[in-house]
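Have a look at the structure below before the remarks.
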Amino acid sequence: MSQISLPRIQHIVASGIIAAVGMWVAWVSYTQQPAEAFLFPRLISTVFVVLALWTFVKAILGWTKVGSGISRKDFVWLLPGLIIALVYIFWAAKALGFFTAGTITFFLLLSFYDPAPHGEAKTWVKRVIITAGFLAVMYGLFALLLKVYTPREIFF
Amino acid sequence: MEFLYYFGDVFTPISFGLLLLGTIGGLILGATPGLSPTMAVALLIPFTFHLAPVQGLILLGAAYTSTVAGGAVSAILLKIPGAPANIATTLDGHTMAKQGKGAQALQLSFLASAVGGVIGVLLLIFLTPVLAQWALAFGPSHLFWLAILGVTVIGSLDSASVVKGLLSGCIGLWLATIGFDDIMGAQRFIFHPALGGGINIIAALIGLFAIPQVLTMFAKGRSANNSEVIEVEKHSIKDAVRELLRRPRALSIGTITGSVIGLIPGVGGQIAGLVAYDQTKKFSPERDKFGKGHSEGVIAAESANNAMVGPSLVPLLTLSIPGSPTAAVLLGGLLIHGIFPGTDLFDNHPDVAWTFINSMLIGQVLMCIFGLYVAGLAARVAQVPQSVMAAVVLGLAVFGSYSVQSSMGDVYVMAALGVMMYFLERFGFSAAPLVLGLILGPIAEANFIQGSMIAGATDGMASYFLTGTLNIVLIAIVIASIAYSVWMELRSRRYTSKEEIMG
Numbered sequence: 001m002s003q004i005s006l007p008r009i010q011h012i013v014a015s016g017i018i019a020a021v022g023m024w025v026a027w028v029s030y031t032q033q034p035a036e037a038f039l040f041p042r043l044i045s046t047v048f049v050v051l052a053l054w055t056f057v058k059a060i061l062g063w064t065k066v067g068s069g070i071s072r073k074d075f076v077w078l079l080p081g082l083i084i085a086l087v088y089i090f091w092a093a094k095a096l097g098f099f100t101a102g103t104i105t106f107f108l109l110l111s112f113y114d115p116a117p118h119g120e121a122k123t124w125v126k127r128v129i130i131t132a133g134f135l136a137v138m139y140g141l142f143a144l145l146l147k148v149y150t151p152r153e154i155f156f
Numbered sequence: 157m158e159f160l161y162y163f164g165d166v167f168t169p170i171s172f173g174l175l176l177l178g179t180i181g182g183l184i185l186g187a188t189p190g191l192s193p194t195m196a197v198a199l200l201i202p203f204t205f206h207l208a209p210v211q212g213l214i215l216l217g218a219a220y221t222s223t224v225a226g227g228a229v230s231a232i233l234l235k236i237p238g239a240p241a242n243i244a245t246t247l248d249g250h251t252m253a254k255q256g257k258g259a260q261a262l263q264l265s266f267l268a269s270a271v272g273g274v275i276g277v278l279l280l281i282f283l284t285p286v287l288a289q290w291a292l293a294f295g296p297s298h299l300f301w302l303a304i305l306g307v308t309v310i311g312s313l314d315s316a317s318v319v320k321g322l323l324s325g326c327i328g329l330w331l332a333t334i335g336f337d338d339i340m341g342a343q344r345f346i347f348h349p350a351l352g353g354g355i356n357i358i359a360a361l362i363g364l365f366a367i368p369q370v371l372t373m374f375a376k377g378r379s380a381n382n383s384e385v386i387e388v389e390k391h392s393i394k395d396a397v398r399e400l401l402r403r404p405r406a407l408s409i410g411t412i413t414g415s416v417i418g419l420i421p422g423v424g425g426q427i428a429g430l431v432a433y434d435q436t437k438k439f440s441p442e443r444d445k446f447g448k449g450h451s452e453g454v455i456a457a458e459s460a461n462n463a464m465v466g467p468s469l470v471p472l473l474t475l476s477i478p479g480s481p482t483a484a485v486l487l488g489g490l491l492i493h494g495i496f497p498g499t500d501l502f503d504n505h506p507d508v509a510w511t512f513i514n515s516m517l518i519g520q521v522l523m524c525i526f527g528l529y530v531a532g533l534a535a536r537v538a539q540v541p542q543s544v545m546a547a548v549v550l551g552l553a554v555f556g557s558y559s560v561q562s563s564m565g566d567v568y569v570m571a572a573l574g575v576m577m578y579f580l581e582r583f584g585f586s587a588a589p590l591v592l593g594l595i596l597g598p599i600a601e602a603n604f605i606q607g608s609m610i611a612g613a614t615d616g617m618a619s620y621f622l623t624g625t626l627n628i629v630l631i632a633i634v635i636a637s638i639a640y641s642v643w644m645e646l647r648s649r650r651y652t653s654k655e656e657i658m659g
């Protein structure tokens, strides 16, 4: 039996997850009460399940022709940024305060993805200046102009 | 001629200031590769929440118009289209720039954009009231089918795979049902406390359009922006106007093609630019010069992609069916202010509708004037490293989604939907039908419920929803759009080589 390619496995997993979500939506729609509240969800979940299963079967048979999946290289580059972003959104923004967490996240992302050499002091000074500029713009825009009160745990 | 009555409202200090801000900002954002017009408009929505509806719409409309035109700057000077709508501009525009005619190419692109854009907005002005009156004849069943039509047309025409496009639409329709049911007050699919109030449309729009772009920039790694900006020499604007007038064929083909394509929901500026370019080339006696720096190529592509902007709003403002993904975001901008497209808009909020449309007309002229001067700066901004761009967009997405209701739940929803959309896009799904499902879902459901109540008291569901001329026409359009897309998909696959098929 020939080896299944990585994109094909990814397509099977992705379409399998979507089909599972579709079936859960249909199950909830058809079992929960009051029935009148789930009339529209029943209608769309039926179409959802049919299309999701069709996509899943196509993925299993290797007939999927659209979507390239995620290459290992892309995933390796994506992962650090994704982790930093998720930690920022789901923990740091509330725990450290929006502006503090936002500034730290900005600096981390900028430093990690910046192609400039890390060994030069000039590069780091530039990054600090850009980060300070970002903080000033965000504070001016949201705190001063729009008067949005964001969680402020540390500093401001 | 009702629109003339509201013309002065555009020139109030705040409205005109926002128009200028949206135009100049849009030109710069549009020139930045990776920042699509849809994403730029989505990121602007939180700011409009704090403005009066008409002011918010002026800002969004100006940004929509000028981001499409601004994309030509990076297409011409960097060979990187700022938006998909500018792909055709790259073909001759960049070659002209390399030949030392960069300034002329930019001037022609903005002048052609303005001509196409003005004619497109005039179409919007004259077609919209007629269609809005026609929409009065629509009952719940028709409005239900219209909402479904909006999702299926964009789902089938805007996606590489019809099944995946329609599935994206279904996911959007399902997401729209999350929260408390309006009639019975029942809890539906609330699997996290943040979803108690349903999915906030602005947070969803930001997440679905901005976060995938951020993650795409992350996945590119430490890529330096090596694209070289071609310096532009001075060129007389008078000569550019003369050159434009010498090319009426390219200008008219581009404008007509863009206007017609704009009226078809889901097709978009990319197709408009490419079709106009192709048709102009076919009809031109100088077709050999195309691709080698011919001014007709730039004129046709740019007049088409801006002529598309106005007509793409006709189905949106009359029937709630956005003609493009950006128009879908604009629909979200209308709904958050409690304004519903159609007769409600023109009967109850004529000041909002006409001032917005008039501002788009004036915005086209401003875009042309500022475009000629901001182009150099915009090209420099387009060179901003991806690392900075990704971090800035992430920051704006988080702060923007929080600012709408001061709710962390909205930020979580924005992030979750954004990450989900990134992975879905990698597997061939697209954000536009999902967004349409999310926006049109409540309209479809409300009319479905209302229709089923009427049907229960009359001839039954099948008779109410599936009979009657208008129902049958709408169902036929739904089926025809899906069938056409399936046929196009099968036809294009016939040319797909074996190597391209995975597995």
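Protein sequences, first through last, are from chains F and P.
When we follow our numbering, the leftmost residue of the first sequence carries the number 1, and every step to the right adds one.
When we follow our numbering, the leftmost residue of the second sequence carries the number 157, and every step to the right adds one.
C-beta: ideal position from N, C-alpha, C; glycine also.
Of the residues F:I18, F:S29, F:R152 and F:W27, the one whose Cα lies closest to the Cα of A92 (chain F) is F:R152.
At the C-beta level, A546 (chain P) and Y113 (chain F) come within 8 Å of one another. Rounded to the nearest whole angstrom, the C-alpha separation of Y620 (chain P) and G328 (chain P) is 25 Å. Rounded to the nearest whole angstrom, the CA to CA distance from L371 (chain P) to I84 (chain F) is 11 Å.
Under the Cβ criterion (8 Å, minimum of three pairs), the stretch 187-196 of chain P does not count as touching the stretch 341-357 of chain P. In chain order, P285, A288 and A509 place their CB closer than 7 Å to the CB of F502 (chain P), counting only its own chain and leaving out the 5 sequence neighbours on each side.
Pairing W63 (chain F) with A259 (chain P), the inter-Cα distance amounts to about 48 Å. Per the coordinates, the alpha-carbon of I393 (chain P) lies some 20 Å from the alpha-carbon of I518 (chain P). Spanning the alpha carbons of V485 (chain P) and F300 (chain P) requires a straight line of approximately 20 Å. Looking at the DSSP output, Q343 (chain P) sits in a beta bridge with P:F336. Under the 10 Å beta carbon count, L6 (chain F) is surrounded by fewer than 16 other beta carbons and is classified as exposed. In this structure F266 (chain P) is buried. Its beta-carbon is surrounded by 16 or more other beta-carbon atoms within 10 angstroms. Between the stretch 480-499 of chain P and the stretch 243-256 of chain P, the count of C-beta pairs closer than 8 Å stays below three; the two stretches do not touch. Here G164 (chain P) is not near P467 (chain P), since their CB atoms are 8 Å or more apart. Q263 (chain P) and F75 (chain F) have their C-alpha atoms some 42 Å from each other. Cβ contact annotation for R127 (chain F) (same chain, cutoff 6 Å, sequence separation greater than five): L110 and S111, in chain order. In the structure shown, the three-state DSSP call for Q33 (chain F) is coil. For P117 (chain F), same chain residues with a beta-carbon under 7 Å away, outside a window of 5 residues either side, are T123 in chain order. Straight through space, the alpha carbons of V554 (chain P) and G97 (chain F) are spaced by roughly 12 Å. Of all residues in the stretch 619-633 of chain P, none has a C-beta nearer than 8 Å to a C-beta of chain F.
At a cut-off of 4 residues, the continuous stretches assigned as alpha helix (DSSP H) that sit fully inside the stretch 392-448 of chain P are 393-401, 404-419 and 425-439. If you compare the alpha carbons of F:R42, F:R72, F:Q33 and F:V57 with that of E601 (chain P), the shortest gap goes to F:R42. With a cutoff of 8 Å on beta-carbon distance, T482 (chain P) and V197 (chain P) are scored as near each other. Nearest CB-CB separation between W124 (chain F) and chain P: not below the 8 Å threshold. Taking 4 residues as the shortest admissible run, the stretch 513-565 of chain P contains the following complete alpha helix (DSSP H) segments, listed from N- to C-terminal end: 542-561. With the criterion set as a beta carbon lying under 9 Å from some beta carbon of chain F, the stretch 213-243 of chain P has no members that meet it. Proximity to T105 (chain F) across F:L39, F:L135 and F:G119 peaks at F:L135, based on C-alpha coordinates. Between the alpha carbons of R8 (chain F) and K73 (chain F) lies a gap of roughly 17 Å. Within its own chain, the residues whose Cβ lies closer than 7 Å to the Cβ of S312 (chain P), once the five positions on either side in sequence are excluded, are V318, G321, L322, S637, I638 and S641, listed in chain order. Considering only F:A95, F:Y88 and F:F107, the residue with the shortest C-alpha distance to A571 (chain P) is F:Y88.
Under the 8 Å criterion on CB atoms, H298 (chain P) is classed as non-interfacial with respect to chain F. Within the same chain, A26 come within 7 Å of T46 (chain F) by CB-CB distance, once the 5 residues on both sides are set aside. Proximity of chain P to W27 (chain F) at the Cβ level (cut-off 8 Å) is not reached, the minimal Cβ distance being about 11 Å. Not a single C-beta of chain F is nearer than 8 Å to the C-beta of S312 (chain P).
Remark: C-beta atoms of T221 (chain P) and V470 (chain P) do not approach each other more closely than 8 Å.
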